[in-house]
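K.L.:
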Amino acid sequence: MKPRIAVLGCGYWGSNHIRTLKALGALYAVSDVNRARAEGFASEQDCLAIEPDRLFERNDIDAIVMALPPQFHADTAVRAVESGKDVLVEKPIALTVADAERAVKAAKDNGRVFMVGHVLRFHPAFETLKGLIDNGELGEVRYIHSHRLGLGKFHTENDALWDLAPHDLSMILAITGTEPIEVRGEGAALLDNLSDFAHLHMRFPNGLRSHLFASRLNPYRERRLT
Numbered sequence: 544m545k546p547r548i549a550v551l552g553c554g555y556w557g558s559n560h561i562r563t564l565k566a567l568g569a570l571y572a573v574s575d576v577n578r579a580r581a582e583g584f585a586s587e588q589d590c591l592a593i594e595p596d597r598l599f600e601r602n603d604i605d606a607i608v609m610a611l612p613p614q615f616h617a618d619t620a621v622r623a624v625e626s627g628k629d630v631l632v633e634k635p636i637a638l639t640v641a642d643a644e645r646a647v648k649a650a651k652d653n654g655r656v657f658m659v660g661h662v663l664r665f666h667p668a669f670e671t672l673k674g675l676i677d678n679g680e681l682g683e684v685r686y687i688h689s690h691r692l693g694l695g696k697f698h699t700e701n702d703a704l705w706d707l708a709p710h711d712l713s714m715i716l717a718i719t720g721t722e723p724i725e726v727r728g729e730g731a732a733l734l735d736n737l738s739d740f741a742h743l744h745m746r747f748p749n750g751l752r753s754h755l756f757a758s759r760l761n762p763y764r765e766r767r768l769t
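Given below as structure tokens:
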């Protein structure tokens, strides 16, 4: 029996999850604070439209995919796992370490799966690269450099670092297999009160260094990990 999954948040990323889950035969329900939007997707995809608060009361839902503004991730994830649901949350996991740890602890305490949508970790190209590194074919990795650049989108709730960098950061941490011992960051808000670009430098216990550059002010789109 396929899992019965609900998508909470029917915006840009939520709509992508809805289409993917429908193709996999696992889409059971959609939910959004905008009832009309949820009902539109439900009609289009032949699934249920459920009020957000009611999702957590339903015993016929196995898991929830959360595509919400990041400030709501931790509280919503805690509520979901405490109601017996597995959770896939869009990146970033949360906006503070304390909130992230709180959500992880709630999932462990309730025996639920809690996963962040770091989808590039599972991209065939990255899996191949990771395999070459792990089996020693590339030798010792001493430096990692990543670019994630583009023009927009200019969100009102999170800056360029939170919006763009999590994918690259997840890949860097997967390669190193450890946490950095030193982190330095620099950014600037040029259009409003949120940083529009960011540089993140990290140093790891074995001496490896990494540099991550994320920007939503570039006139061209670039996604690169070296």
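Basically the working numbering = 1-based index in the sequence shown + 543. Each residue gets a CB set at the ideal place from its N, CA and C atoms; glycine is no exception. Since the model is a prediction, treat every value here as computed from it, not as a measurement.
1) Just how far apart, CA to CA, sit L566 and I724?
2) Return the chain-ordered list of same chain residues with a C-beta closer than 8 angstroms to the C-beta of P595, the five sequence neighbours on each side being excluded.
3) For the stretch 599 to 675, which segments carrying the beta strand (DSSP E) assignment without a break, of at least 3 residues, lie completely within its bounds, in sequence order?
4) Given D593, which residues of its chain have a CB within under 6 angstroms of its CB, disregarding the five upstream and five downstream residues?
5) Assuming contact is defined by CB atoms lying nearer than 9 angstroms, are F657 and V632 in contact in what I supplied?
6) In terms of residues, what are the limits of the alpha helix (DSSP H) holding G557?
7) From which residue to which residue does the beta strand (DSSP E) around P762 run?
8) Do F747 and A717 have their C-beta atoms within less than 9 angstroms of each other?
9) CA-CA distance, A569 and D652?
10) Is it true that the stretch 673 to 680 meets the stretch 577 to 590, where meeting means three or more beta-carbon pairs spaced less than 8 angstroms apart?
11) Below 9 angstroms between beta carbons: does that hold for R766 and L694?
12) Identify the continuous beta strand (DSSP E) that holds S586 and give its terminal residues.
13) Buried or exposed: D642, going by 16 or more other Cβ atoms within 10 Å of its Cβ?
14) Distance check for G728 and E722, CA to CA, integer angstroms please.
15) Rounded to whole angstroms, what is the Cα-Cα separation between R759 and M544?
16) Please say whether P709 and P635 have beta carbons closer to each other than 9 angstroms?
17) Can the beta-carbon of I607 be found less than 9 angstroms from the beta-carbon of D589?
18) Leaving out the 5 sequence neighbours to the left and right, which residues in its chain are closer than 6 angstroms to R752 when beta-carbon positions are compared?
P.N.:
Based on what the coordinates show:
1) Looking at the sequence itself, residue 566 is Ala, so the reference to Leu does not match. Going by the C-alpha atoms only, they are around 42 angstroms apart.
2) L551, S574, D575 and V576
3) 606 to 609, 629 to 632 and 657 to 659
4) The sequence given here has Ile at residue 593, not Asp. Once the five neighbours on either side are set aside, the close Cβ partners of I593 are A572 and S574.
5) yes
6) Y555 to L567
7) L760 to L768
8) no
9) 26 angstroms
10) no
11) no
12) Per DSSP, S586 belongs to no beta strand (DSSP E); it is in the alpha helix (DSSP H), R578 to Q588.
13) buried
14) 16 angstroms
15) 42 angstroms
16) yes
17) no
18) Y686 and R746
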